[in-house]
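Chemist: Sequential numbering of the sequence shown, starting at -3, is according to our numbering. If you scroll down you'll find the structure; I have some questions about it.
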Amino acid sequence: LSGQTAHDDRYDLADEYMSLVYQLWEGSWADDAVRGDRASGVYADPARVRLVHHHGKQYQVDAMHLGEPSPQRTPVLYQAGSSARGSRFAATHAECVFLNGQSLPGVQKIVQGIRSQAVQQGRAVSDIKVFLGATVITGRTDAEAQEKLAEYQRYASSEAALVHAAASMGIDFARYDLDEPIVTDKSNAIVSNVEAMTRSAGPQWTRRKLLAQMVLGSRQAPWVGSAESIADTLMAWSEQADVDGFNLSRTVVPECFDDFIALVVPILQQRGAFKTAYAPGTLRRKLFGQDRLPASHAVAPYRFAAG
């Protein structure tokens, strides 16, 4: 390659990759291929194992899958990225989608867009679960949580935060003064991160606004408060933005997670918003109530019985 592949073109390559792995996971071995016959020395019936022939722009494969199918066949599919092209990819393939955003209307719009596109492709709204990035600093009281935030900020590095942001946004922040509006030209960086910052801080965002949001190392401003207030915030966002859960960012490890588990989780459990025991079965069964992807998913044409 003479340079980095263009943003949308990377998703085209990802579409081809998904087509290939679907063939391997779903179409190479029949469900009854494994015989496990010690007497005859036959582990798998060769008539029930097929070669996959894929010749695309990026991948050339003539091979069978090297292992028998798992109970899920295709693993649970997670995707991050909410640009227009990323949302289209999610609507086609993803079961779980990671989003970042601090603007409630902005997150609502993205979630609605992904679910709408999924329905247009014959999938159900419930086929996709959305997880919103969240940075939580909590304590037994609001005052205790604010004290933790102040302590964390004393050790935070503004320079490191800018470097971290630049790596994902593709912007040289050294070019800008603290309150100088930042120009966000089209780039091959993580487009959804730039869009999320713009939704949160407004079109005229600056290094100062960026640092207020990302100085602790995450991509969103922290939610700070007592366990009760954090539980209120999480449940309100879940209901109003139609998100199914939260992807917790780390601040100080393991303290931030220990605090959340000890203080917030019991309140969510009391409110019926968090499990009190682990359900049996595969991850997909825990999330969606079944082991395999539904027939409405893009994987269906690649299944062994389909061709």
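Beta carbons are placed, not taken as given, at the ideal position from N, Cα and C, and that holds for glycine.
For Thr134, is the classification buried or exposed, using 16 other Cβ atoms within 10 angstroms of its Cβ as the cut-off for buried?
Modeler: It is buried - the Cβ of Thr134 has at least 16 other Cβ atoms within 10 Å.
Chemist: Does DSSP put Ser112 in a helix, a strand or coil?
Modeler: Reduced to three states, the DSSP call for Ser112 is helix.
Chemist: In terms of residue numbering, what span does the beta strand (DSSP E) encompassing Leu279 cover?
Modeler: Run containing Leu279: none in the beta strand (DSSP E); it sits in the alpha helix (DSSP H), 279 to 284.
Chemist: Straight-line CA distance for Val159 to Ala170?
Modeler: Taking the straight line joining both Cα atoms gives about 9 Å.
Chemist: Could you give the DSSP three-state label for Gly82: helix, strand or coil?
Modeler: If DSSP states are grouped into helix, strand and coil, Gly82 belongs with the helices.
Chemist: In angstroms with no decimal places, state the Cα-to-Cα distance between Val103 and Leu47.
Modeler: One C-alpha to the other measures close to 43 Å.
Chemist: In chain order, which continuous runs of the alpha helix (DSSP H) of length 4 or greater are located wholly inside the region 83 to 159?
Modeler: List check, alpha helix (DSSP H) in window: 100 to 116, 138 to 151.
Chemist: Tell me which same chain residues have a C-beta within less than 6 Å of the C-beta of Ser83, skipping the five on either side of it?
Modeler: Gly109, Ile110, listed in sequence order.
Chemist: Find the nearest neighbour of Glu224 within the set Ala237, Gln236, Asp255, Ser154, judged by alpha-carbon distance.
Modeler: It is Asp255.
Chemist: Asp123: buried (16+ other C-beta within 10 angstroms of its C-beta) or exposed?
Modeler: Asp123 is buried by the Cβ-count criterion.
Chemist: Does Ala273 pass the burial test, meaning 16 or more other C-beta atoms within 10 Å, or should it be called exposed?
Modeler: When all chains shown are included, Ala273 counts as exposed.
Chemist: For the region 230 to 237 against the region 148 to 164, are there 3 or more C-beta pairs whose distance is under 8 Å?
Modeler: No, because fewer than three Cβ pairs between the region 230 to 237 and the region 148 to 164 fall closer than 8 Å, the two stretches do not touch.
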